[in-house]
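Asks: Following this message is one structure expressed as structure tokens.
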Amino acid sequence: MDNEAIVDVRTSINALYMLFCIALLPLVIIGIAFFYSGLTQRRSSLTMFAVPMLVTPLIFIDWFIWGYSFCYSASSNHFIGNLGFSVLRQLETNITMTFTNSRGEILFLNHFLFNGLFKIICAGLAFPGCIAERGRILPMLVFLFFWSIMIYNPVTYWFWNSNGWLSIDLGSLPVLDFAGGNCIHIVSGFTCLAYSYILGPRNPKILYNYRNINTGHIIIGTFCVMCGWVGFIAGCDFKFSYNSLYIIVNTILAALSSTIIWTSIDYFFSSIPLEGAEEKIASIAQQQQQQQQQNEQIDMILSQAGSGNSPIVPVLSETGVLLSQRYHQTKSNFISRRKFSMISFSSGIMTGLVVYTPGGGYVAGPGQFWKAIVFGVVGAIICNLSTRLKYFFKIDDALDIFAIHGIAGIVGSLLTGLFANTQYNSDGGWVVHNWIQFGYQLLGVTITSSYVFIMTCVFLYVIDLIPGLHLRIDKDFNRRERKRKSQETELEAAAGTGVPATVMAFPHTQSQPESQKSPLPEEICFWEQVELLGTDSYEFNGEYMMDFIEFIKVIRPQDYEDENTYDEIDAVVDPMRNRSGTSGNLQTDGAGGNLNTGMFGDYEMHHEGVNHLIKRE
């Protein structure tokens, strides 16, 4: 076989490999839809599922007309391309045209399809979380047009066009980004952060007793994304090689190591000591001991009187022998009880995939598998902690897209500056003594995040001022909240209490005593009522993600009572305890079987975790 035939065979194999990777990418899109849909409440679940579907045709048409050309055409400037590749007109004369860069050569159509799906994935990651449970779809689609042209296209050009000012091919400021840490994840994360900031918080009335619609959707979506992500990262190699296999193995290692750490963090720190619970349990134990001593005295008297078997003996056995055990078991189960969470498991996988994305082929190779584990572990720790940033900044990022994508993209990019090898025309990172590379990576993430956040805020602010294009369903919500906040502050100042006003962004996380609450009347206007019904009702005219459940609820409503109520927790976990009114006194029956402690009726879910409990006011 001559050299020309060998080249043709290799080209065909690479083309088929790229087609396989392209075929995997729609799994990411549908996985994102399932993942976000399962995280939200029933009233907005269909909206979360629909948004990735709705943006797909719009983004792809945009990509065909001018998006691909703006990102990858040869231009005289280093900021954005021209219309030289618009509507794929360059293929009219050469159908076998190829795209070439430092990673290799790829058929032009394969490159067009592969990167077009990348752009759809970026939009699908960002926009569902942007409008979650309070935003409108039409203004979002208007913003999508400007976002596509003025945000995504320039950033992609900077990193992945050979003439981009941050590309490694140009070499002036070579920032390593193998599969989209900057172009995909920092863009999506900071787009969502800015959108959530401009849109304002969700109405706190819909956040009480918050319950996601379907954890099964989250798990299905996670594994769809994980399968598709193999093609997402490995396809950026542009050819089938041993390094492609290393990339696939590293991708899986990063995801699984990340989910172990993320799930472990949530497991060990998902419960907090209950305020006053230890004292209450100790008090009950002391009462039990006193009662036991009294029963022992009575039993002794009855025995001395020759009365035979005392009816109190079973009670003594139950209280005397099992009291200490039940005390310690109760402390273990309720004071610091730990539980696994499949949401934590899925979030860890998503984080590991995202963190490894910038490194990809730069950190893959023989004997380099440990780097993927480092990426997963470090990313899980930092991103898990970053989910608390929204409380600090008071920005209601409903689906934690900023933490899981924005922060993870930054972490992955910086780690790439430390662990990159000398591959794909790069000079490597710190592991090969290229100390300046970390500075380039830091510059890249700073410029990308700042540009995306500022441009998003500007576009959204202008769109929100256009009549008919207000961003949220209840267009007066933020204005009313600011007014209410101002009035509460004035009332507190007049009363001289010095009590800080309720945090506006997340009032559902605050427990305020009745004496400190403002006497302001609460009026629910028409548009607030519409928003409280959910985006599914507003946008889809009665279509719901799982509408049949409403019918089942009507038939047997008792099947859908909140099983997380604390009455049921008391009954299920410790059948020896039952309530009998509001009294906290301990009571036993003749068999020592019913203990009425009423211990945990005064506690509710804490905002920082699904298993946290706080004292009810």
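In terms of this note's numbering, the sequence shown is numbered consecutively and its last residue is 621.
Just so you know, even glycine gets a beta-carbon here, dropped at the ideal spot from N, CA and C.
If L148 and L62 are in contact, beta carbons under 8 Å, what's the gap, nearest whole angstrom?
Replies: 6 Å
Asks: Considering only C-alpha positions, which residue in the set I264, G139, V415, G128 is nearest to D468?
Replies: Ranking I264, G139, V415, G128 by Cα distance to D468 puts G139 first.
Asks: Any idea what DSSP makes of T44, helix, strand or coil?
Replies: coil
Asks: Keeping to the same chain, check which residues put their C-beta closer than 8 Å to that of V456; ignore five residues upstream and five downstream.
Replies: I155, V159, I190, V191, F194, T195, A198
Asks: Check the C-beta distance from I110 over to M230 and give it rounded, since I have them as a contact under 8 Å.
Replies: Contact flag wrong, Cβ pair sits at about 24 Å.
Asks: Between I33 and chain B, is the shortest Cβ-Cβ distance under 7 Å, so that the two count as touching?
Replies: Looking at the structure shown, chain B is missing, and only one protein chain is on hand.
Asks: For G108, write down the residues that DSSP places opposite it in a beta bridge.
Replies: N105
Asks: Considering only the alpha carbon of each residue, which of F442, L495, N18, V358 lies closest to I411?
Replies: Here the closest residue by C-alpha is V358.
Asks: Since G139 sits in a beta bridge, which residues does DSSP pair it with?
Replies: R476
Asks: How long is the line joining the alpha carbons of A9 and Y428, rounded to whole angstroms?
Replies: Rounded to whole angstroms, A9 to Y428 spans 26 Å at the Cα level.
Asks: Mapping DSSP to helix, strand and coil, what is L249?
Replies: helix
Asks: Could you tell me the distance, in whole angstroms, from the CA atom of G448 to the CA atom of L495?
Replies: 48 Å
Asks: My output table needs one value for D181: the three-state DSSP class, helix, strand or coil.
Replies: coil
Asks: Given that a residue counts as buried once 16 or more other Cβ atoms are within 10 Å of its Cβ, and exposed if not, what is E96?
Replies: Under the 10 Å beta carbon count, E96 is surrounded by fewer than 16 other beta carbons and is classified as exposed.
Asks: Check for me: the alpha helix (DSSP H) holding I237 runs from which residue to which?
Replies: 219-238
Asks: First and last residue of the alpha helix (DSSP H) that includes D404?
Replies: No alpha helix (DSSP H) holds D404; DSSP gives it neither H nor E.
Asks: Would you call the segment 240-249 and the segment 339-356 touching, i.e. three or more CB-CB distances under 8 Å?
Replies: Touching, no.
Asks: Provide the residue span of the alpha helix (DSSP H) that contains G380, from first to last.
Replies: 373-390
Asks: Decide if G364 is buried, meaning its Cβ has at least 16 other Cβ atoms within 10 Å, or exposed.
Replies: G364 comes out buried.
Asks: From this set, F379, D404, F89, G432, which residue's C-alpha is nearest T391's C-alpha?
Replies: D404
Asks: Less than 7 Å separating the beta-carbons of F163 and L174?
Replies: no
Asks: Per DSSP, what kind of secondary structure is N7 in: helix, strand or coil?
Replies: helix
Asks: Whose C-beta lies closer than 8 Å to the C-beta of F24 among residues of the same chain, with five residues either side of it excluded?
Replies: G235
Asks: Should P205 go down as buried or exposed, given a rule of 16 or more other Cβ atoms within 10 Å for buried?
Replies: It is buried - the Cβ of P205 has at least 16 other Cβ atoms within 10 Å.
Asks: Where V378 and P178 are concerned, what is the direct C-alpha to C-alpha distance, given to the nearest angstrom?
Replies: 23 Å
Asks: Does DSSP put H189 in a helix, in a strand, or in coil?
Replies: helix
Asks: Counting only the same chain and skipping the five closest in sequence on each side, list residues whose C-beta sits under 7 Å from that of S79.
Replies: G85, N86, N167
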